[in-house]
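Undergrad: Mind the numbering: the sequence shown is residues 90 to 481 in our numbering, read in order.
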Amino acid sequence: MTDTTPPDLPPTPPYLGALTPLRGIAAVTMVAYHFNMFVMPVIDPAVTRLHQHGYLLVDFFFILSGFILSHVYGGWFEVGAPRERLRRYMRARFARVYPLHLTTLLWVVGIYLLVVVVYAAKLPPGARSVFDPWAIPLHLLMLHGLSTAPGGTWNTPSWSVGTEWLVYLAFPFLTVAFRRLATWGKLGLLVGVFGAYAYLTTPLSTDPPIRPWLPNVPYTIAEISFPNSSVRCFAGFVLGMVTHFAFSRGWGLRWLARDSAVLALVGGLLAGCHLHVPDMVTVWLLPLLILGACHNRGRTARALGTAPLRSLGEWSYSIYMVHMPIIFSFLGAQRIAEGAREDAAKPITYGLEGPASALAFVVLVILVSALTYRVVEAPARRYLSPSGRAPR
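(1) Within a Cβ cutoff of 6 Å, which residues of the same chain sit near Leu375, ignoring the five residues on either side of it in sequence?
(2) Which residues does DSSP list as the beta-bridge partners of Thr309?
(3) Does the distance from the CB of Ile415 to the CB of Val457 come in under 8 Å?
(4) Quick check: the Cα distance between Thr201 and Leu255, rounded to an integer number of angstroms?
(5) For a test of the three-state rule: what should DSSP assign to Tyr178, helix, strand or coil?
(6) Three or more C-beta pairs closer than 8 Å, one from the region 177-197 and one from the region 239-257: is that the case here?
(7) Determine, using beta carbons only, whether Ile310 and Val372 come nearer to each other than 8 Å.
(8) If I follow the unbroken alpha helix (DSSP H) through Trp248, where does it start and stop?
(9) Quick one: what's got a C-beta closer than 6 Å to His363's C-beta in the same chain, skipping five residues either side?
(10) Tell me, please, whether the region 207-220 touches the region 108-118 by the rule of three or more beta-carbon pairs shorter than 8 Å.
(11) Please look up how many angstroms separate the CB atoms of Val366 and Ala324, rounded, as I've assumed it's under 8 Å.
(12) So for Leu364, helix, strand or coil by DSSP?
(13) So, under 8 Å CB-CB, Leu203 and Gly421 are touching, yes? Tell me the CB distance rounded to an integer number of Å.
(14) Reducing DSSP to helix, strand and coil, say where Leu354 ends up.
(15) Could you check what DSSP says for Asp133 in three-state terms: helix, strand or coil?
(16) Are the region 396-408 and the region 313-329 touching, with three or more C-beta to C-beta distances below 8 Å?
(17) Go to Met413, then tell me how far its alpha helix (DSSP H) extends in each direction, as first and last residue.
(18) Please tell me whether Phe124 and Ala353 are closer than 8 Å, where the distance is taken between their beta carbons.
(19) Between Ile157 and Tyr406, what straight-line distance do the alpha-carbon atoms span, to the nearest angstrom?
(20) Measure from the alpha carbon of Glu427 to the alpha carbon of each residue in Gly164, Cys322, Tyr208 and Ala224, then state which is nearest.
(21) Would you tell me roughly how many angstroms separate the C-alpha atoms of Phe220 and Phe336, rounded to the nearest one?
(22) State the DSSP-derived secondary structure class of Asp221, mapped to helix, strand or coil.
(23) Could you spell out where the alpha helix (DSSP H) holding Asn125 opens and where it closes?
(24) Does DSSP put Arg471 in a helix, in a strand, or in coil?
(25) Roughly how far, in whole angstroms, is the beta-carbon of Val370 from the beta-carbon of Gly155, given that I think they are within contact range, below 8 Å?
(26) If you follow the alpha helix (DSSP H) that Asn317 is in, where does it begin and where does it stop?
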């Protein structure tokens, strides 16, 4: 492949194809996690609660972002942050995240206006803080990562995008400082990362009176409001940078390149979630999984290289950003149909209905995401990207 990198920039680093499918798998799993949380129960928590730790996928995205940005842009800021490179970097990041963020924000605002203003339907008490009109300017300016709302606002999963945007702004200067550290200094950052995760550890209250299929979860790092959300994002991002440093040195290549190692890491993650191992322990398996996927050349690599998983990876940002507006669309239609009527709570049952409905919802989200990727994401990224190509 011909390198089309502008002459004033370092050569384009090799594309790490295994990471794109991993993003897709994580995004789809997050959809199922939120379906179980907001729509209907899928798995009986008496059988396993591993699905209640789906929020760790956000930490996976934070770690992956630190890894990928170090891989793609680390060389740009090896000795400094010149103005032209800063401009190109920020334009590429803006093109990557903002167009779809704006689209989904307008989607959710439209649902709110239809339900509350046009049909005058009443929102449940817990939803009023989500649809806070004063939060809209923060979303428009990509500053909603500074929100202190406990459950996020508007397109609620975008809290992580807003928080990550703040780290994007700091990354060029962060990577300059990181590259100046000796090896022991880089590894010493892991002590700070562990301290951050320990600081964040707290029980997760899921309000069982409203959703009795969601028991409380102990020892979580599921903070989504400022300032702890920024601590969580920054810790994951730095962990991703250190992980990329380990990858660039080939550390763990002999062991992590094996299919058995990848299976062991996945099994460890599932077991940790099932047994409610504290998140500040389980989260350390995520960077090892990234290293394993990057180093592997066996069956794992071939599985991740299949066309369906590559497509899921390409659509992963859309999958993450559109699934909650779709949920809000269904809930809004239900609210309009019910009007002011408050139905009695239905008994919680576990059967095939939950998994079948979740599967149908995941398929719907993937179809909508393929459309938004083609209609919104890719064209906007090509138009706004400094290279004229959609940045990864």
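Glycine is no exception: its CB is placed at the ideal position from the N, C-alpha and C atoms.
Just so it is clear, the structure is predicted and the values come from calculations on it, not from any experiment.
TA: On the basis of the coordinates in this document:
(1) For the purposes of this step, residue 375 is taken as residue 286 along the sequence shown, with counting starting at 1. Cβ neighbours of Leu375 beyond the five flanking positions: Phe149 and Ile152.
(2) One-based indexing of the sequence shown puts residue 309 at position 220. DSSP, once it has assigned bridges, lists Thr291 as partnering Thr309.
(3) The count along the sequence shown starts at 1 and reaches residue 415 at position 326. The count along the sequence shown starts at 1 and reaches residue 457 at position 368. Against a cut-off of 8 Å, the Cβ pair of Val457 and Ile415 comes out as a contact.
(4) By 1-based counting over the sequence shown, the position of residue 201 is 112. By 1-based counting over the sequence shown, the position of residue 255 is 166. For the sequence presented, residue 201 should be read as Tyr rather than Thr. Approximately 27 Å, taken between the alpha carbons.
(5) Here residue 178 refers to the residue found at position 89 of the sequence shown. Of the three classes helix, strand and coil, the one that applies to Tyr178 here is helix, per DSSP.
(6) yes
(7) Within the sequence shown, residue 310 is the residue found at index 221, counting from 1. Within the sequence shown, residue 372 is the residue found at index 283, counting from 1. Their beta carbons are under 8 Å apart, which means Ile310 touches Val372 by this criterion.
(8) In the sequence shown, residue 248 corresponds to position 159, counting from 1. Trp248 -> alpha helix (DSSP H) spans Trp248 to Arg269.
(9) Translated into positions along the sequence shown, residue 363 becomes position 274. Cβ neighbours of His363 beyond the five flanking positions: Thr137 and Leu139.
(10) no
(11) On the sequence shown, residue 366 is found 277 positions in, with the first residue counted as 1. On the sequence shown, residue 324 is found 235 positions in, with the first residue counted as 1. The Cβ separation is near 18 Å, so there is no contact.
(12) Stepping through the sequence shown from its first residue, residue 364 is reached at position 275. Residue state, collapsed to three classes: coil.
(13) Counted from its first residue, the sequence shown places residue 203 at position 114. Counted from its first residue, the sequence shown places residue 421 at position 332. Right, their Cβ atoms sit about 7 Å apart.
(14) Here residue 354 corresponds to residue number 265 of the sequence shown, with the count starting at 1. Helix, per DSSP.
(15) Position 44 of the sequence shown, counted from the start, is the residue given in the question as residue 133. Residue state, collapsed to three classes: coil.
(16) no
(17) Mapped onto the sequence shown, residue 413 falls at position 324. Ser405 to Glu427 is the extent of the alpha helix (DSSP H) around Met413.
(18) Taking the first residue of the sequence shown as position 1, residue 124 is located at position 35. Taking the first residue of the sequence shown as position 1, residue 353 is located at position 264. Not a contact, by the Cβ cut-off of 8 Å.
(19) Here residue 157 corresponds to residue number 68 of the sequence shown, with the count starting at 1. Here residue 406 corresponds to residue number 317 of the sequence shown, with the count starting at 1. Answer to the nearest angstrom: the Cα atoms are 15 Å apart.
(20) By one-based count along the sequence shown, residue 427 stands at place 338. If we check each option's Cα against that of Glu427, Tyr208 comes out closest.
(21) The count along the sequence shown starts at 1 and reaches residue 220 at position 131. The count along the sequence shown starts at 1 and reaches residue 336 at position 247. One C-alpha to the other measures close to 42 Å.
(22) Counted from its first residue, the sequence shown places residue 221 at position 132. Three-state DSSP puts Asp221 in coil, outside helix and strand.
(23) In the sequence shown, the residue the question calls residue 125 occupies position 36. Where Asn125 is concerned, the enclosing alpha helix (DSSP H) stretches over Leu108 to Phe127.
(24) Numbered from its first residue, the sequence shown carries residue 471 at position 382. Here Arg471 sits in helix by DSSP.
(25) In the sequence shown, residue 370 corresponds to position 281, counting from 1. In the sequence shown, residue 155 corresponds to position 66, counting from 1. 20 Å between Cβ atoms; not a contact.
(26) Translated into the one-based positions of the sequence shown, residue 317 becomes position 228. Boundaries of the alpha helix (DSSP H) around Asn317: Asn317 to Ser337.
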